[in-house]
Amino acid sequence: MARRKKIYEGKAKILYEGPEPGTIVQYFKDDATAFNAEKKDVIDGKGVLNNRLSEFFMNGLAQIGVPTHFIRRLNMREQLVRSCEIVPLEVIVRNYAAGSMSKRLGIAEGTQLPRPIVEYCYKDDALGDPLVTEEHIAAFGWASQQDMEDILSLALRVNDFMSGVMLAVGIRLVDFKIEIGRVYDGDYQRLIIADEISPDSCRLWDIETGQKLDKDVFRRDLGNLTDAYSEVARRLGVLPKSNVTKPTLIN
Ligand code: 5GP
């Protein structure tokens, strides 16, 4: 069998050349990293869960007219996505104070914010993805003024969608990070949601108990990460309703 061409290997995913031009195969690894890869582990089953959960969220977004890179899931660990140029920003939306915002501004974790707050970080591992302002983004040409308006609107739509989906299963969407891709249709460029949306890139707290069901379980040594992600998947109906700790494929 011919070997596929690897395009890029990141901390949690590998990208391979797709079967048709303009497509990419996104492979979800079991590797977990935190604090800019200072903390690392391999978490059995994480990649399978994130592949499924990202498919679920991206499909839902497409259904409400939010464009994403997702085409279809290929197997347990891989999905076919549209190739795009990644805008070098991490777009973070926060509904409740937590993580770096709590540290930076001295606001207690869990404090509800007066409105969703959108932050931008420059995607650069060597620099630890520093927080930047729209002034930096415009001055360094990372995105145009029009792009920034579109990114803000996409980010808030994703927030409304994800908050509602999570609320329906008793989970609070505290914050999340998305990445944005640029695609060209003839002479026109469009922005779409790229990368992944999964408990790796969101903070998800049980509404009743406050239990963390996201990557903070790994970052802060709070228990078993696949149990937490399986619970999210189970509540969303992405995995069978039985008590699943190891991910099981359903068709
Ligand atoms: P914070 O800035 O508080 O560390 O993160 C805010 C939100 O963005 C959290 O949900 C966190 O998981 C997500 N996030 C921030 N940076 C990254 C990153 O480099 N990778 C991933 N997967 N998520 C991130």
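Residues 19 to 269 in our numbering are what the sequence shown spells out, letter by letter.
Where is the CB? At the ideal position from N, CA and C, for every residue including glycine.
Check	Outcome
Where in the stretch 109 to 151 do unbroken runs of the alpha helix (DSSP H), each at least 4 residues long, occur, reported from the N-terminal end onward?	117 to 123
Between S72 and the ligand 5GP, is there a pair consisting of the residue's CB and a ligand heavy atom that are separated by less than 7 Å?	no
Confirm, please, whether the CB-CB distance from D224 to I189 is below 8 Å.	yes
Under 8 Å, do V109 and N177 count as touching if we go by C-beta distance?	no
By Cβ distance, which residues of its chain are closer than 8 Å to F236, with the 5 residues on each side in sequence left out?	A50, A52, K57, D59, I61, L243
Going by beta carbon distance, what residues of the same chain come within less than 8 Å of S181, once the five residues before and after it are set aside?	N113, L191
Taking 7 Å as the line, does the beta carbon of D49 fall inside it for any heavy atom of the ligand 5GP?	no
Which two residues bound the contiguous beta strand (DSSP E) that contains A50?	49 to 52
Does the contact criterion of 3 or more C-beta pairs under 8 Å hold for the stretch 77 to 85 versus the stretch 137 to 145?	no
Comparing C-alpha positions only, which one of C102, V66, I25, R22 sits nearest to D213?	C102
Where does F74 land, buried or exposed, given buried means 16+ other C-beta within 10 angstroms?	buried
Do R90 and F46 count as a contact pair if the criterion is CB distance below 8 Å?	no
Could you confirm whether any beta carbon from chain D is found closer than 8 Å to the beta carbon of L92?	The structure shown contains no chain D; it is built from a single protein chain.
Is DSSP giving Q229 helix, strand or coil here?	coil
For the putative contact between V210 and T86, defined by C-beta atoms under 8 Å, what is the C-beta separation to the nearest angstrom?	For clarity, residue 210 is Ile in the given sequence; the question names Val instead. 6 Å between Cβ atoms; contact.
Short of 6 Å in beta carbon distance, which residues of its chain neighbour K195, apart from the five on each side in sequence? Order them along the chain.	E108, I110, S219
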